[in-house]
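The opening residue of the sequence shown carries number 128 in the working numbering; numbering runs sequentially from there. What follows is a set of notes on a single structure, which appears directly below.
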Amino acid sequence: MMRTEKNTALQKLARLSPRQWERLCDGCARCCLHKIEFEDTGEIVYTGIACRYLDQHSCRCRVYEDRTRLVPTCCRLAPDNLGEVYFMPETCAYRLLAQAQELAPWHPLVSGDAESVHRAGMSVRGRVVSESDVDTDDWPAYVIDWVQ
Ligand code: SF4
Ligand code: SF4
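Structure follows, in structure tokens:
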């Protein structure tokens, strides 16, 4: 991708209103899964272990307004940090748009249906466990390959 293309994409995102910005989220909750980063290689892998504050059916955060205080590692995406979204899931709408790519057909803004992300199997609904139920020593056993 050309650098100018990416800069234009980021400039467009920076002009969105807060409401438009929030509506870009596809509701997949993939970003609410814990990741493991290997120190020697820098590789990051996702686990099927969700943050304790995730409502696993709606795939929405139960403490959204207070999330970064309660979970210091929770990422608050904003137009000015989108240049570094390499750690977000490849399907994340913010990441796609920051890279000047199109939203997927199952994105609620494209389909017009908030359930389409779940029907397409792109959300974490029904596929994960809560961090409250897993000992951190056991996290490596929960590595998944359906989020990258
Ligand atoms: S991965 Fe991106 S699109 Fe999906 S819930 Fe997280 S912020 Fe929203
Ligand atoms: S605090 Fe909320 S938004 Fe942040 S990781 Fe947990 S469930 Fe997701």
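Every residue, glycine too, gets a C-beta built ideally from N, C-alpha and C.
beta-carbon residue i near ligand 1 non-hydrogen atom, thresh 7 angstroms
| i | result |
| --- | --- |
| Tyr269 | no |
| Arg254 | no |
| Pro145 | no |
| Asp153 | yes |
| Pro216 | yes |
Alpha-carbon spacing of residue i relative to residue j, whole angstroms
| i | j | result |
| --- | --- | --- |
| Glu270 | Cys201 | Here residue 270 is Val; the residue named in the question, Glu, does not match the sequence. Going by the C-alpha atoms only, they are around 19 angstroms apart. |
| Ser259 | Arg179 | 6 angstroms |
| Arg146 | Val274 | 27 angstroms |
| Pro267 | Phe214 | 18 angstroms |
| Val190 | Ala225 | 26 angstroms |
| Gln138 | Thr168 | 33 angstroms |
| Thr135 | Asp265 | 43 angstroms |
| Glu132 | Ala227 | 7 angstroms |
For residue i, the three-state DSSP class (helix, strand or coil)
| i | result |
| --- | --- |
| Cys202 | coil |
| Cys188 | strand |
| Ser238 | helix |
| Thr135 | helix |
| Val274 | coil |
| Tyr221 | helix |
| Thr168 | coil |
CB-CB length for residue i against residue j, believed under 8 angstroms
| i | j | result |
| --- | --- | --- |
| Leu160 | Val255 | 6 angstroms |
Would you say the segment 207 to 221 touches the segment 138 to 155, given that touching needs at least three Cβ pairs under 8 angstroms? Counting C-beta pairs closer than 8 angstroms gives three or more between the segment 207 to 221 and the segment 138 to 155, which meets the contact rule.
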